[in-house]
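A.B. asks: Dropping a structure here in structure tokens format, bear with me for questions.
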Amino acid sequence: VMYTLMFMASMLGVVLSDNILLLFIFWELTSFTSYLMIGFDHEDEASRKAALQSLLVTGLGGLFLLAGLVLMGQVAGSFLLSEILLSGNVLVQHADYPLILGLILLGAFTKSAQTPFHFWLPNAMQAPSPASAYLHSSTMVKAGVYLLARLSPVLAGTEAWMFWLTTVGALTMLTGAVLASAQIYLKRLLAYT
Numbered sequence: 002v003m004y005t006l007m008f009m010a011s012m013l014g015v016v017l018s019d020n021i022l023l024l025f026i027f028w029e030l031t032s033f034t035s036y037l038m039i040g041f042d043h044e045d046e047a048s049r050k051a052a053l054q055s056l057l058v059t060g061l062g063g064l065f066l067l068a069g070l071v072l073m074g075q076v077a078g079s080f081l082l083s084e085i086l087l088s089g090n091v092l093v094q095h096a097d098y099p100l101i102l103g104l105i106l107l108g109a110f111t112k113s114a115q116t117p118f119h120f121w122l123p124n125a126m127q128a129p130s131p132a133s134a135y136l137h138s139s140t141m142v143k144a145g146v147y148l149l150a151r152l153s154p155v156l157a158g159t160e161a162w163m164f165w166l167t168t169v170g171a172l173t174m175l176t177g178a179v180l181a182s183a184q185i186y187l188k189r190l191l192a193y194t
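Heads up: the sequence shown begins at 2 in my numbering, then just goes up one per residue.
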């Protein structure tokens, strides 16, 4: 229960943070609490491996995200999300826009288990069923989607944005559908969908 409450507080921090560096801290806390829940049965080797895999994939994506957020804050002249969102086309017109976009997309894609980073999510189903249903199937993977929706006023509207989101989204949908069709366990089927 404590791990679930820690995760809930971390997700609330992601949603409510106005400072993008604070948002990142809460973002990483979701990965850490997810690690604790996946490895809940720490005597089982499969649980330990799945927890470590989840932490490594989402943690590495978090480093890319941090780099993108720092660059975005420097270009926008503020680390407050409310001020960045008022900066208009400053980011899109900046020379570092492709780099900023790429780093932020990598961070969001790893957290949301988008192809080719989808492999960690079915393995995360080693967590107890309530944690799997709440954390990995409905909440944590939506953090990346939420972040991109929140940043869309200043990052969207370009060909790069449309290409990468459409391509990765379509590949993830197809990959998930194909892999889900072969599953006989409900938790893994849920993970792939």
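Think of the CB as a built atom: it goes at the ideal place given N, C-alpha and C, for glycine as much as any other residue.
#1: Give the DSSP-derived three-state secondary structure of ASN20 in the structure shown.
#2: Would a C-beta distance cut-off of 7 Å place VAL142 and SER113 closer than the cut-off?
#3: Less than 7 Å between C-beta atoms, sequence neighbours within five positions excluded: which residues of the same chain meet that for ILE39?
#4: When you compare the CB positions of SER32 and LEU136, do they come within less than 7 Å of one another, or not?
#5: Please classify LEU187: is it buried, with 16 or more other beta-carbons within 10 angstroms of its beta-carbon, or exposed?
#6: Quick check: the Cα distance between THR159 and SER153, rounded to an integer number of angstroms?
#7: Can you have a look at SER83 and say buried or exposed, based on whether 16 or more other CB atoms are within 10 angstroms of its CB?
#8: Just the C-alpha distance for SER130 and ALA192, rounded to the nearest angstrom, thanks.
#9: So for LEU136, helix, strand or coil by DSSP?
#10: From the DSSP output, in three-state form, read off GLY86 for me.
#11: Please say whether PHE118 and PHE110 have beta carbons closer to each other than 7 Å?
#12: Who are the near neighbours of THR173 in its chain, counting only those whose CB is closer than 7 Å to its CB and skipping five residues on each side?
#13: Suppose you measure from the CA of TYR98 to the CA of GLU46; what does that come to, to the nearest Å?
#14: Please identify the residue among LEU100, ALA77, LEU81 and ALA10 whose C-alpha is closest to the C-alpha of GLY89.
#15: Should SER153 be flagged as near chain D, meaning a C-beta pair shorter than 7 Å?
C.D. replies: Judging by the given coordinates:
#1: strand
#2: yes
#3: Spatial neighbours of ILE39 in its own chain (CB-CB distance under 7 Å, excluding positions within 5 residues in sequence) are listed in chain order as SER48, ALA51, ALA52, SER55, ALA125, GLN127 and ALA128.
#4: no
#5: exposed
#6: Using only the alpha carbons, I get a separation of about 10 Å.
#7: Sixteen is the threshold: since fewer than 16 other Cβ atoms of the shown chains lie within 10 Å of the Cβ of SER83, the residue is exposed.
#8: 12 Å
#9: helix
#10: Residue identity check: residue 86 is Leu in the sequence provided, not Gly. Three-state DSSP puts LEU86 in coil, outside helix and strand.
#11: For PHE110 and PHE118, yes; Cβs fall inside 7 Å.
#12: GLN115, THR116 and HIS119
#13: 42 Å
#14: Looking at the Cα atoms, ALA77 is the closest of the given residues.
#15: In the structure shown, chain D does not exist; there is a single protein chain.
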